[in-house]
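Taking it in order: structure first as structure tokens, then the write-up.
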DNA sequence: ATGTAATGGTTGTTTTTGTAACCAACAACA
DNA sequence: TGTTGTTGGTTACAAAAACAACCATTACAT
């Protein structure tokens, strides 16, 4: 049993605080430049980084509920960042790809992400960053992924 | 410049994933047992841990917008977890305290939080946990910088 | 085949949140 | 005294998320 409990050492609290703060600047960029929401840039990055993919694939990779993905894709499609292509075999699935516009947005945002990452890392010792990432992966991987 | 960019190493993404996953089980408890939302348990914990406090104090401590705090306090008050007391000197501020019911809920949830923290820590090496906390505190204190 | 379940995805409705405007009480100062 | 500005807090309205029900298609069993 842990004595001296404090919010500042309670991991879920700490994680949320750090997550919120660290997301803010980046959010400002994709919001201001492209009018995107959080799930939207995630979808964009999944397609940009890993290529063509279906909505459910994105959902399971990003641990995001399918309705969230669906609506993100819808908005991205409306704004011509993403294109849908029906699968010829299984007519339920739609393959998603970036349009030229989407690719350009991705390239731009990716470079912002890279330099933002730099900024964040400057506040940490190099070995601290390594351990931080490893720990976050462990904690984030314990997913009780039971989405309906 | 960081080559080999990946979502799995982009801190804002990693942080959000870990934060979401690690909040889930605990959220289930305060939601199921007391019908509380995230900001509500935070307010509850602030009062439980640090004693009487005003809404704006909670807001600045938890970096939470005042409307969020206001609504959380409102719901907590309606459900008799929290009581308001007007300041006799400055009639704008209201001092918040836990009711018996609120104190009981806090005690209960705090013990849940402590054992949940244990569970989370089991997934990490002891020194990993120390560094993780330190890094999260640093990142959580970061002032937003703009890429405009 | 045919009934049943599972998958990929969308839509509708209700909760929560974000944003901005607002009010009342105080503070500072001419 | 104004009169202007600030602070603590609430409210109203728009945006977004959560949740559940829903199609259409495919898979799988009899």
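Chains as they are written, first to last, in the numbering used here: chain A, 1 to 148; chain B, 149 to 296.
Here a beta-carbon is modelled for each residue, glycine too, at the ideal position from N, C-alpha and C.
#1: Suppose contacts are defined by Cβ-Cβ distances below 7 Å. Is residue 132/A in contact with residue 166/B by that definition?
#2: Taking the CB atoms as reference points, tell me whether residue 260/B and residue 220/B lie closer together than 7 Å.
#3: For residue 267/B, which option in 100/A, 139/A, 102/A, 82/A has the closest C-alpha, if you only look at C-alpha atoms?
#4: Which one of 210/B, 272/B, 171/B has the shortest CA to CA distance from residue 135/A?
#5: Just the chain A side, please: which residues come within less than 7 Å of residue 164/B by C-beta, in chain order?
#6: Looking at chain A, is there any beta carbon in it that lies within less than 7 Å of the beta carbon of residue 288/B?
#7: Residues of chain A with a CB under 9 Å from the CB of residue 193/B: which are they?
#8: Could you work out which residues of chain A lie near residue 232/B, taking near to mean beta carbons separated by less than 9 Å?
#9: Listed in chain order, which residues of the stretch 271-287 of chain B have Cβ atoms closer than 9 Å to some Cβ of chain A?
#10: Is it right to say residue 289/B is buried, meaning 16 or more other beta carbons lie within 10 angstroms of its own, or is it exposed?
#11: Taking beta-carbon pairs under 9 Å, can you tell me which members of the stretch 207-222 of chain B lie near chain A?
#12: On the CB-based measure, 16 or more other CB atoms within 10 Å of its CB, does residue 22/A come out buried or exposed?
#13: List the residues of chain B whose Cβ lies closer than 7 Å to the Cβ of residue 26/A, in chain order.
#14: For residue 246/B, report the span of its beta strand (DSSP E) as first-last.
#15: With H, G and I counted as helix, E and B as strand and the rest as coil, what does DSSP make of residue 231/B?
#16: In whole angstroms, what is the alpha-carbon distance linking residue 245/B and residue 196/B?
#17: The alpha helix (DSSP H) with residue 288/B in it runs from where to where?
#18: Counting pairs of Cβ atoms below 8 Å between the stretch 177-193 of chain B and the stretch 222-231 of chain B, do you hit three or more?
#19: Is there a Cβ of chain B sitting closer than 7 Å to that of residue 37/A, yes or no?
#20: List the residues of chain B whose Cβ lies closer than 9 Å to the Cβ of residue 120/A, in chain order.
#21: According to DSSP, which residues form a beta bridge with residue 54/A?
#22: Along chain A, in chain order, which residues have C-beta atoms closer than 9 Å to that of residue 197/B?
#23: Listed in chain order, which residues of the stretch 80-108 of chain A have Cβ atoms closer than 8 Å to some Cβ of chain B?
#24: Give me the Cα-Cα distance between residue 179/B and residue 232/B, rounded to the nearest whole angstrom.
#25: Mind checking residue 198/B: buried by the 16 CB within 10 Å criterion, or exposed?
#26: Starting from the beta carbon of residue 117/A, find every residue of chain B whose beta carbon is closer than 9 Å, and list them in chain order.
#27: Determine the direct distance from the alpha carbon of residue 5/A to that of residue 203/B, and round the result to whole angstroms.
#28: Take residue 106/A and list the residues in its own chain whose beta-carbon comes closer than 8 Å to its own, dropping the five residues that flank it on each side.
#29: So residue 258/B contacts chain A; which residues on that side make the cut at Cβ distance below 9 Å?
#30: Alpha carbons only, please: which of 13/A, 7/A, 10/A, 24/A is nearest the one belonging to residue 117/A?
Let me spell this out:
#1: Taking the first chain and counting its residues from 1, one reaches residue 132/A at position 132. Taking the second chain and counting its residues from 1, one reaches residue 166/B at position 18. In this structure, residue 166/B does not lie closer than 7 Å to residue 132/A by Cβ.
#2: Reading the second chain from its first residue, position 112 is the one you call residue 260/B. Reading the second chain from its first residue, position 72 is the one you call residue 220/B. Cβ atoms of residue 260/B and residue 220/B: not closer than 7 Å.
#3: Counting from one through the second chain, the residue named residue 267/B turns up at place 119. For residue 267/B, the nearest C-alpha among the options comes from 139/A.
#4: Residue mapping note: residue 135/A aligns to position 135 of the first chain, counting from 1. Ranking 210/B, 272/B, 171/B by Cα distance to residue 135/A puts 272/B first.
#5: Along the second chain, read from residue 1 onward, the residue named residue 164/B stands at position 16. Going along chain A in sequence order, the residues near residue 164/B (Cβ under 7 Å) are 19, 23.
#6: As a working mapping, residue 288/B is identified with position 140 in the second chain. Yes, its Cβ sits closer than 7 Å to a Cβ of chain A.
#7: Here the question's residue 193/B lines up with position 45 in the second chain. Correct list: 7, 10, 13.
#8: Taking the second chain and counting its residues from 1, the one referred to as residue 232/B is at position 84. Correct list: empty, because the minimum Cβ distance to chain A is about 22 Å.
#9: 271, 272, 273, 275, 276, 277, 279, 280, 281, 282, 283, 284, 285, 286, 287
#10: If you number the second chain from 1, residue 289/B lands on position 141. That one is exposed.
#11: 209, 210, 211
#12: As a working note, residue 22/A is residue 22 in the first chain. It is buried - the Cβ of residue 22/A has at least 16 other Cβ atoms within 10 Å.
#13: By 1-based counting over the first chain, the position of residue 26/A is 26. Near residue 26/A (Cβ distances below 7 Å), the residues of chain B are 160.
#14: To locate residue 246/B, count along the second chain from 1; it is residue 98. Its beta strand (DSSP E) spans residues 242-246.
#15: By 1-based counting over the second chain, the position of residue 231/B is 83. Residue 231/B: strand per DSSP, three-state reduction.
#16: Taking the first residue of the second chain as 1, we reach residue 245/B at position 97. Taking the first residue of the second chain as 1, we reach residue 196/B at position 48. Whole-angstrom Cα-Cα distance: 8 Å.
#17: Along the second chain, read from residue 1 onward, the residue named residue 288/B stands at position 140. Per DSSP, residue 288/B belongs to the alpha helix (DSSP H) from 274-288.
#18: yes
#19: If you number the first chain from 1, residue 37/A lands on position 37. Answer no: the Cβ-Cβ gap between residue 37/A and chain B never drops below 7 Å.
#20: In the first chain, the residue the question calls residue 120/A occupies position 120. Neighbours of residue 120/A on chain B, chain order: 159, 160, 287, 290.
#21: One-based indexing of the first chain puts residue 54/A at position 54. According to DSSP, residue 54/A bridges with 95/A.
#22: Translated into positions along the second chain, residue 197/B becomes position 49. What residue 197/B touches in chain A: 5, 6, 7.
#23: none
#24: The count along the second chain starts at 1 and reaches residue 179/B at position 31. The count along the second chain starts at 1 and reaches residue 232/B at position 84. Whole-angstrom Cα-Cα distance: 23 Å.
#25: Within the second chain, residue 198/B is the residue found at index 50, counting from 1. By the 10 Å Cβ count, residue 198/B comes out exposed.
#26: By one-based count along the first chain, residue 117/A stands at place 117. Near residue 117/A (Cβ distances below 9 Å), the residues of chain B are 150, 153, 157, 158, 159, 160.
#27: One-based indexing of the second chain puts residue 203/B at position 55. One-based indexing of the first chain puts residue 5/A at position 5. Cα-Cα distance, rounded: 22 Å.
#28: For the purposes of this step, residue 106/A is identified with residue 106 of the first chain, where counting begins at 1. Once the five neighbours on either side are set aside, the close Cβ partners of residue 106/A are 44, 45, 47, 48, 98.
#29: For this step, residue 258/B is matched to residue 110 along the second chain. 5, listed in chain order.
#30: Within the first chain, the letter at position 117 stands for residue 117/A. Minimum Cα distance to residue 117/A is reached at 24/A.
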